[in-house]
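Numbering (my numbering), first residue to last: 3 to 340. Using N, Cα and C, we set each Cβ at its ideal position, and we do this for glycine too.
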Amino acid sequence: MNKKGVLLVNLGTPDSPSTADVRKYLDEFLMDERVIDINPVMRTMLVKGVIVPFRSPKSAKLYKEIWSETTGSPLLHYSLLQQELLQKQLGSDYHVELAMRYQSPSIESALKNLKQAQVESIRIVPLFPHYASASSGSVLQKVMELVSKWQTIPNISFVNSFHDNELMIKVFAENAEKYKPETYDHILFSFHGLPQRQLIKSDHSGRHCLKSDNCCATLTNDNKFCYSAQCHHTARLIADQLSLPADKYTVCFQSRLGKDPWVQPYTSVVIDELAKKGMKRLLVFCPAFVADCLETVYEVTVEYGDEFKKLGGEHVQLVESLNDHPLWIDALEGLVKG
3 MNKKGVLLVN
13 LGTPDSPSTA
23 DVRKYLDEFL
33 MDERVIDINP
43 VMRTMLVKGV
53 IVPFRSPKSA
63 KLYKEIWSET
73 TGSPLLHYSL
83 LQQELLQKQL
93 GSDYHVELAM
103 RYQSPSIESA
113 LKNLKQAQVE
123 SIRIVPLFPH
133 YASASSGSVL
143 QKVMELVSKW
153 QTIPNISFVN
163 SFHDNELMIK
173 VFAENAEKYK
183 PETYDHILFS
193 FHGLPQRQLI
203 KSDHSGRHCL
213 KSDNCCATLT
223 NDNKFCYSAQ
233 CHHTARLIAD
243 QLSLPADKYT
253 VCFQSRLGKD
263 PWVQPYTSVV
273 IDELAKKGMK
283 RLLVFCPAFV
293 ADCLETVYEV
303 TVEYGDEFKK
313 LGGEHVQLVE
323 SLNDHPLWID
333 ALEGLVKG
């Protein structure tokens, strides 16, 4: 029987929280021309000479904080569960593989497995709700580079983004409801950040991006490929699902790197401002991630939580990601079947 192939791809994780493995992961990740999109010589000097040597030991300590003795990396743990549950739901007509853009399991090995299974087609699903050149774009480029060398290329299709997926929105809203959002002083939708230059590159019109303070507030034909505009759209859909008034929540961006301006406002700055206004309890969504990881479990819960308390706040509550929620598996099925 001919099977249809499915390739789920998440960002990646070190093989272990050791400094050596974290160094390998950061090196592969940051040397990607779509992640740090600058002159190759400058990128090599910056990554190999500055960032990786100094950041690896620090990041290794953080990974040790979230690493489980039984399940290892939370990102890989939940990604494997998503693969397993999706395979079960799709049945024997499909062959589902999981890959990480960086480190293990590799895209190359996953594609090799699909090739050996003699699938008649391959559906590529980058596990990033919002399109960005540095995430989804990098996955699609890598897949195309590898498959282009095959003698026989099956039908291949790609999921570009799913920022407005109804089931995904419903899961985030359901996950939040048990915390009673109405009891919090303010709600943050904290997305992973990107350099502003990458947003500008996605503006094919050349006349929209960062031309006004609210250029991302509404999704339009001019900004339909814009990561920030898609993020704002997701936040608004979740807020609508929960009946949140506009003044109750803020869209912000975390995890910036380097001195160049990134998408704003920065989550850390927003938290500082809210604390100065006397707010005590914050509820935080991270809708850029389909599985909990270092950026959610540690950066939000621990780093931002501690920062908020030092400024007089009391509690930062993370809304868990999609993880292995049954409706998220339904959503993945829908993305596969298109």
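Please check if any C-beta of chain C sits within less than 8 Å of the C-beta of residue 15.
Note that chain C does not occur in the displayed structure, where there is just one protein chain.
Classify residue 210 as helix, strand or coil using the three-state DSSP reduction.
Three-state result, residue 210: coil.
Can you name, in chain order, every residue of its own chain whose Cβ lies under 8 Å from the Cβ of residue 313, other than the five neighbours on each side?
Correct list, in chain order: 273, 274, 277, 278.
Can you give me the Cβ contacts of residue 334 inside the same chain, cut-off strictly under 6 Å, excluding the 5 residues immediately before and after it?
Around residue 334: 88.
Are the Cβ atoms of residue 46 and residue 105 separated by less than 8 Å?
No, Cβ-Cβ distance for residue 46 and residue 105 is not below 8 Å.
State buried or exposed for residue 195, treating a residue as buried only when at least 16 other CB atoms are found within 10 Å of its CB.
Per the 10 Å Cβ criterion, buried.
Among residues of its own chain, excluding the 5 on either side of residue 327, which ones have a beta-carbon nearer than 8 Å to its beta-carbon?
173, 176, 177.
DSSP has residue 123 in a bridge; who is on the other side?
Beta-bridge pairing links residue 123 to 6, 157.
Given a cut-off of 8 Å on the beta-carbon distance, is the pair residue 322 and residue 257 in contact?
No. Outside cutoff.
Can you tell which of 55, 6, 33, 249 has its C-alpha closest to the C-alpha of residue 22?
Residue 55 is the option with its Cα nearest to residue 22.
Quick check: the segment 246-262 against the segment 181-200, are there 3 or more CB pairs under 8 Å?
Flag = yes, the segment 246-262 and the segment 181-200 touch.
Taking C-beta to C-beta, are residue 296 and residue 68 nearer than 8 Å?
Cβ atoms of residue 296 and residue 68: closer than 8 Å.
For residue 27 and residue 77, I'd like the C-alpha separation in whole angstroms.
Computed Cα separation, rounded: 14 Å.
Where does residue 36 fall in DSSP's three states?
Of the three classes helix, strand and coil, the one that applies to residue 36 here is coil, per DSSP.
When you compare only the Cα positions, how much space is there between residue 262 and residue 271?
If you take the alpha carbons of residue 262 and residue 271, they lie about 16 Å apart.
What's the gap between the Cα of residue 199 and the Cα of residue 264?
In a straight line, the C-alpha of residue 199 is about 8 Å away from that of residue 264.
From 213, 83, 157, 166, pick the residue whose C-alpha is nearest to that of residue 293; which is it?
With distances taken between Cα atoms, residue 293 lies closest to 83.
Using the rule of at least 16 other Cβ atoms within 10 Å of the residue's Cβ for burial, across every protein chain shown, is residue 209 buried or exposed?
Flag for residue 209 reads exposed.
Under a Cβ-count criterion, where at least 16 other Cβ atoms within 10 Å of its own Cβ denotes burial, should residue 155 be classed as buried or exposed?
Exposed.
Mind checking whether residue 128 and residue 161 have CB atoms under 8 Å apart?
Contact: yes.
Residues in the same chain with beta-carbon distance under 8 Å from residue 157, minus the five sequence neighbours each way, listed in chain order, please.
If we look at residue 157 and ignore the five residues flanking it on each side, its Cβ neighbours are 122, 123, 124.
Thinking residue 251 and residue 189 are a contact (beta carbons under 8 Å), I'd like their distance in whole angstroms, please.
With 8 Å as the limit, residue 251 and residue 189 qualify as a contact, their Cβ atoms being about 4 Å apart.
At which residues does the beta strand (DSSP E) containing residue 101 begin and terminate?
Element bounds for residue 101: 96-104.
Identify the residues that DSSP records as bridge partners of residue 73: which are they?
DSSP, once it has assigned bridges, lists no residue as partnering residue 73.
Could you tell me the alpha carbon to alpha carbon distance between residue 290 and residue 41, rounded to whole angstroms?
C-alpha separation (whole angstroms): 28 Å.
Excluding the 5 residues flanking residue 142 on each side, which residues of the same chain have their C-beta closer than 6 Å to its C-beta?
Closer than 6 Å at the Cβ level, and outside the excluded window around residue 142, lie 160.
Got a sec, what are the start and stop residues for the beta strand (DSSP E) residue 192 sits in?
Element bounds for residue 192: 188-194.
Tell whether a beta-carbon distance below 8 Å holds between residue 221 and residue 232.
In this structure, residue 232 lies closer than 8 Å to residue 221 by Cβ.
Confirm, please, whether the CB-CB distance from residue 81 to residue 12 is below 8 Å.
Yes, the pair counts as a contact, with Cβ atoms nearer than the cut-off.
Starting from residue 233 and walking both ways along the alpha helix (DSSP H), at which residues does that stretch end?
From DSSP, the alpha helix (DSSP H) with residue 233 extends over 229-243.
If the criterion is Cβ atoms closer than 8 Å, does the pair residue 164 and residue 240 meet it?
For residue 164 and residue 240, no; Cβs fall outside 8 Å.
Helix, strand or coil: how does DSSP classify residue 133 here?
Coil.
Quick one: residues in its chain with C-beta nearer than 6 Å to the C-beta of residue 59, no 5 flanking neighbours on either side, listed in chain order?
Here the set comprises 21.
Give the single residue among 25, 17, 118, 284 whose Cα lies nearest to the Cα of residue 181.
When each option's Cα is compared against that of residue 181, the closest is 284.
Who are the near neighbours of residue 213 in its chain, counting only those whose CB is closer than 6 Å to its CB and skipping five residues on each side?
Cβ neighbours of residue 213 beyond the five flanking positions: none.
How many angstroms separate the CA atom of residue 225 from the CA atom of residue 134?
Whole-angstrom Cα-Cα distance: 12 Å.
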